[in-house]
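Worksheet: one structure, shown below.
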Amino acid sequence: IEDYSKVYNIPIGDSAIIGNPSAKVTIIKWTDFQCPYCKKALPFLNELLNKYPNDVKLVIKNYPLRNHPQALPAAKYALAAQRQGAFKEMYYETYKRSKELSSNSFLPLEIADQLGLDIHKLKADAKDPAIANIIHQEMKQLNNTGLRVAVPKFLINGKLPEGPRTINNWSKIIEEELRK
């Protein structure tokens with residue numbers, strides 16, 4: 005049974021941030037680029053980021069599942085794109101085309117090209133052991149919580165969000181955090 009009162013202290017570390025980096029409310033999302041449920045959460049999260057542009061940041065933690073062979077390379081390319089200031093664009097575009105990902109291992113490179121990124125640098129950065137280490141640390145963070153490992157997995161200011169994954173419910177949780 006998951007404990008909704010427990011606060012998990014998960015450092016942001018080198019994970020990517022979407023939204024205001026100094027926002028008071030942090031939503032952590034462990035994700036896998038080939039996971040349809042992770043993709044399904046995007047419009048909902050965007051709505052929250054748009055509703056609270058100064059107060060909420062989304063921290064992306066990668067958790068590529070073994071049965072999704074393109075998820076790890078896609079995560080590496082997204083973090084490599086971050087070094088060129090294009091994580092958010094790479095993240096959203098990869099999810100937008102995630103159905104293609106399983107049959108096209110070159111998809112992240114096609115997206116990077118479309119975004120005007122330096123492909124040579126991107127490929128080199130994706131092979132950087134530091135990027136593999138970030139992903140390893142992000143996975144370890146979830147594994148060490150004792151929570152059921154499933155993606156997407158969310159924490160709001162370190163706590164599991166209780167109740168349905170709806171704008172209304174999460175807005176209540178966010179409002180409560182902002183009042184603290």
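The opening residue of the sequence shown carries number 5 in our numbering; numbering runs sequentially from there. Beta carbons: idealized from backbone N, C-alpha and C, even for Gly.
{"Check": "What residue from F91, A130, L53, V153 has the CA that sits closest to A27's CA?", "Outcome": "L53"}
{"Check": "Leaving out five residues on either side along the sequence, give the residues of the same chain with a beta carbon under 7 Å from the beta carbon of R152.", "Outcome": "E6"}
{"Check": "Starting from I64, trace the alpha helix (DSSP H) in both directions and tell me its first and last residue.", "Outcome": "Segment 60–66 is the beta strand (DSSP E) holding I64; no alpha helix (DSSP H) there."}
{"Check": "How big is the Cα-Cα spacing for P112 and Y81?", "Outcome": "6 Å"}
{"Check": "Measuring alpha carbon to alpha carbon, tell me which residue in A78, I178, S9 is nearest S107.", "Outcome": "A78"}
{"Check": "DSSP state of I177, grouped into three classes?", "Outcome": "helix"}
{"Check": "Looking only at DSSP bridge pairs, what is A20 linked to?", "Outcome": "I64"}
{"Check": "Below 8 Å on the Cβ atoms is my guess for I178 versus V60; work out the distance and round it to an integer in Å.", "Outcome": "6 Å"}
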